[in-house]
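Enquirer: Take 1 as the starting number for the sequence shown in full-length UniProt numbering and just add one per residue.
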Amino acid sequence: VKSTDPITLQYCCLSPSRNEFCLPTREQIDRHRIVLTTCMTSRDLGVPCGYFTHILIDEAAQMLECEALVPLSLASLRTLIVLAGDHMQKTPRLYSLHKDEQSADYTLLNRLFQHYKKEQHEVATKSR
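1) Starting from Val70 and walking both ways along the alpha helix (DSSP H), at which residues does that stretch end?
2) Cβ atoms of Arg26 and Gly46: under 9 Å apart, would you say?
3) Hey, Ile57 and Gly85: beta-carbon distance below 9 Å or not?
4) Classify Ile29 as helix, strand or coil using the three-state DSSP reduction.
5) Just to confirm, are His32 and Ala61 a CB contact at a threshold of 9 Å?
6) Could you check what DSSP says for Phe52 in three-state terms: helix, strand or coil?
7) What are the start and end residues of the beta strand (DSSP E) that includes Ile81?
8) How far does the alpha helix (DSSP H) with Thr111 in it reach, from first residue to last?
9) Taking only the alpha-carbon atoms, compute the straight-line gap between Leu2 and Ala75 and give it to the nearest angstrom.
10) Using three-state DSSP, classify Leu36 as helix, strand or coil.
11) Is the separation between the beta-carbon of Leu69 and that of Leu36 shorter than 9 Å?
12) Under the rule that 16 or more other beta-carbon atoms within 10 Å means buried, what is Asn19, buried or exposed?
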């Protein structure tokens, strides 16, 4: 908390003593139109599937596919999803005991890009 910018702290959920970050209660979440969290802590928000109308994931090319799937587990068929990132950017390193042919597809953004590229989708074709 001490190293966080004071302007940013205005938007953070802090403990009563204000010396540590904490998870918001459901009531606190209900009072806000926008909730920011990391992908991995989104699983601890305690909200039902479909609670959010939109889920936006920034830097989706910089996280493993399994990390991006955590907040997407909160989506319903009506949830609008945005994955933002650059599929041409260097991706995170993945270490595995097994070499496989799909090692470049371990980010969700890249997997989707490759899928639509194979389908000859216009947006994917223009992106390369």
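Note that beta-carbon positions come from the ideal geometry of N, C-alpha and C, so glycine has one too.
Expert: Walking through what the data contain:
1) 65-72
2) yes
3) yes
4) helix
5) no
6) coil
7) 80-83
8) According to the sequence as given, residue 111 is Arg; it is not Thr. Arg111 -> alpha helix (DSSP H) spans 108-118.
9) Before going further, note that residue 2 is Lys rather than Leu in the sequence given. If I take the Cα positions, the gap works out to 34 Å.
10) coil
11) no
12) exposed
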